[in-house]
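In my numbering, the protein residues as written are 1 to 334.
Ideal Cβ placement from N, Cα and C applies to all residues, glycine included.
Reading through the C-alpha cells given below for one structure.
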C-alpha cells in the first residue's frame, strides 16, 4: 500500500512562502509526476513528503496514517536522487545491500533481495564491479536497486536522469516505466522535462510558484489545459499563443494553437507569414513562421519532409476543432 495524501500542506522559509497551502492525493500504485519550471517548488514538495523538509502547516498522510512529524526513515519511502551517491570503494552488491545491512537484516534475506533487485535491473553480471567501472545509466540503476531492496510503500525520484546524456535518458525513462509496471508500487517522480512527464505518468501535477495549476492524465492536460500556463508547458513543441483579431473573433483573449494542429498552404489561409528557420528531422519538419503583429514566431509541425525554404511566403490555418481559447484571466474558455 502506498496512498499519499497532502492536506493543507504549506512550506515557508522564514517569511517566504514557497508552497502555499495545497491538497493532493496520490493513489496506491499510481505513477505521479511533479513537473514545472525551475524554482516552481516540485522538489520541495517531494522533500516534504519524504520528511526531508518540515511542513510549516498541514498534514502528510501515508496509508491513512499522519506522518507529518515522523522521521524520514520511519515513513516507509525510498528516495532516488539526482546524484547517484554510491560508495566508490564498495561493489555493486554491497552498495545495493547497504541500507539493509544498516538495519542489521539477516544476511540470507539481504542476499535474496539483492539478487531479485539486480535481476529486475539487469545488474546481475555487474554485482562484483565497483561504481567506477559502470556507465552513468548503470550507476543510476544501482541507486534504484538500493531503493528497491527496502521494499518501500512508495518510491520518490528527484530528477534522477538529469546527469545522463540524451540517449541514456530515453533508455532509463523506459526502464523506470517498465519497473513501475512490474512492481506496481506508488512512484512520485520530479522533473522539469514535460516529455518525461507525458511519457511516464499516470497522473501529472503541474506546478508554478508552489501552486498546483492542474492535475490530470497526460492526455487530459494536453487536450484540455486549464489555463495558458499549462497549455504552454505541456506539449512539445509548445503551444502557440496569439492575441489580437484572430482571438477576439473567436470570443477569447488568447488563441492557443498546437504546432501539429495547423495547416500550411502556399496559396491561402487565415494567417499570412514568412518562413524563418526550418528544422528538418526526417520524420517531421518544424517551421518557425513570422506573422505580422506577433512578437513570437508561430511554430508549425508538418509530417515528413516538406520543402519550403527560408523567406517563402506561407499561409496558416488552425484546425478549428483543435484550437484552445483562453480568457483575460488566462483560464480556459473552450
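| Asked | Found |
| --- | --- |
| For residue 76, which residues of its own chain have a beta-carbon under 7 Å away from its beta-carbon, when the five flanking residues on both sides are left out? | 62, 152 and 153 |
| Within 10 angstroms of its Cβ, does residue 55 collect 16 or more other Cβ (buried), or is it exposed? | buried |
| Please classify residue 240: does DSSP put it in a helix, a strand, or coil? | strand |
| So which of 116, 142, 122 and 93 has the shortest CA-CA distance to residue 357? | Residue 357 falls outside the range modelled here, since the chain spans only 1 to 334, and no answer is possible. |
| State the CB to CB distance for the pair residue 275 and residue 308, rounded to an integer number of angstroms; the pair is presumed to be in contact (CB under 8 Å). | 5 Å |
| On the CB-based measure, 16 or more other CB atoms within 10 Å of its CB, does residue 229 come out buried or exposed? | buried |
| Can you give the beta carbon distance from residue 289 to residue 273, rounded, assuming they're within the 8 Å contact cut? | 4 Å |
| What residue range does the beta strand (DSSP E) around residue 61 cover? | 57-62 |
| By Cβ distance, which residues of its chain are closer than 6 Å to residue 80, with the 5 residues on each side in sequence left out? | 143, 144, 147, 157 and 160 |
| Quick one, which of 89, 90 and 48 has its alpha-carbon nearest residue 71's? | 48 |
| Whose C-alpha, out of 206, 25 and 226, is nearest the C-alpha of residue 43? | 206 |
| Go ahead and pull the three-state DSSP assignment for residue 105. | coil |
| From residue 130 to residue 193, what does the alpha carbon distance come to, in whole angstroms? | 30 Å |
| Going by the C-beta, is residue 146 closer than 7 Å to any heavy atom of the ligand NAP? | As for the ligand NAP, it is missing from this structure, which has no ligand bound. |
| What residue does the beta strand (DSSP E) around residue 155 start on, and which one ends it? | 154-158 |
| Would you kindly work out how many angstroms separate the C-alpha atoms of residue 213 and residue 329, rounded to a whole number? | 13 Å |
| Straight-line CA distance for residue 169 to residue 104? | 35 Å |
| For the structure I just gave you, are there three or more beta carbon pairs, one from the stretch 252-268 and one from the stretch 315-325, closer than 8 Å? | yes |
| Nearest to residue 200 by CA position, among 218, 89 and 183, is which residue? | 218 |
| Taking Cβ positions, are residue 191 and residue 33 nearer each other than 8 Å? | yes |
| What is the DSSP secondary structure of residue 196, counted as helix, strand or coil? | helix |
| Given this structure, state the Cα-to-Cα distance separating residue 114 from residue 121, to the nearest angstrom. | 11 Å |
| Using DSSP with H/G/I as helix, E/B as strand and the rest coil, what is residue 145? | helix |
| Exposed or buried, residue 248, counting other C-beta atoms within 10 Å across all chains shown (16 or more means buried)? | exposed |
| Please say whether residue 14 and residue 58 have beta carbons closer to each other than 8 Å? | no |
| Please state whether DSSP places residue 81 in a helix, a strand or coil. | coil |
| Using a C-beta cutoff of 8 Å, does residue 267 count as contacting chain C? | Any reference to chain C falls outside this structure, which holds one protein chain only. |
| Helix or strand or just coil, what does DSSP make of residue 110? | helix |
| Please confirm whether residue 51 and residue 18 have their CB atoms less than 8 Å apart. | no |
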